[in-house]
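What follows is a set of notes on a single structure, which appears directly below.
Numbering (UniProt numbering), first residue to last: 1 to 196.
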């Protein structure tokens with residue numbers, strides 16, 4: 001049995017962690033991005049399908065490709081972020097299942113139904129995006145997840161020659177605490193949870 005994390009770890013991951021809108025002018029090393037992914041890949045997905053794909057937009061050219069995809073409210077904070085992560089999913093994730101889930105013909109579970117395939121890819125890549133946020137926080141980085149972008153424009157700019165489709169964006173770096181909004185309310189346990 002594992003021990004609970006201490007309060008400082010829980011604070012870093014949850015209670016003190018915030019979604020950031022401004023960034024310090026500090027780079028994020030490529031090696032750190034790889035370390036984050038190496039944590040994310042170990043977290044569970046259904047049938048180990050691992051559909052998420054991550055594009056680390058960190059160059060001026062990459063940011064220019066991303067710029068027309070963004071809503072006006074997300075433009076400044078994304079352009080100033082050291083890294084903007086496109087969390088995508090591979091719509092043909094099932095082609096990797098013979099490697100990822102070798103003890104059954106899991107590929108056949110998804111090839112016959114585009115609806116089930118899409119639902120599985122989107123749900124599990126969303127989970128992997130959440131794992132990414134937690135992994136980044138555990139490595140001392142701040143995140144700013146968002147969905148204010150034009151997915152069709154983004155997919156055309158970044159994925160026109162692939163089976164990848166965008167799910168969400170996560171700005172990444174060392175946050176500027178002076179640009180964090182006041183924490184908003186959260187729903188209570190009694191309003192959101194049922195014991196049965």
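In this text, a Cβ means the ideal position worked out from N, Cα and C, and glycines have one as well.
The distance from the Cβ of residue 23 to that of residue 173 is about 4 Å, consistent with a contact at the 8 Å cut-off.
The count of Cβ pairs closer than 8 Å, one atom from the segment 138-150 and one from the segment 59-74, reaches three, so the stretches are in contact. A Cβ-Cβ contact shorter than 7 Å links residue 128 with residue 52. When only Cα atoms are considered, residue 98 and residue 191 end up about 43 Å apart.
Looking at the backbone, the Cα of residue 45 and that of residue 29 are separated by about 27 Å. Contact check for residue 11 against residue 137 fails: the beta carbons are separated by 7 Å or more.
The three-state reading of DSSP puts residue 52 in strand, counting E and B together. Residue range 83-90 is occupied by the beta strand (DSSP E) that includes residue 84. Judged by pairs of C-beta atoms under 8 Å, the segment 47-62 touches the segment 101-121, as three or more such pairs exist.
Excluding sequence positions up to five before and after residue 41, its CB lies within less than 8 Å of the CB of 50, all in the same chain and listed in chain order. In the three-state scheme derived from DSSP, where H, G and I count as helix and E and B as strand, residue 173 is classed as strand. Counting along the chain, residue 145 sits inside no alpha helix (DSSP H); it lies in the beta strand (DSSP E) bounded by residues 142-146.
Assignment of residue 188 by DSSP, reduced to helix, strand and coil, places it in the coil class. Comparing alpha carbon positions, the residue from 15, 25, 8 and 32 closest to residue 132 is 32.
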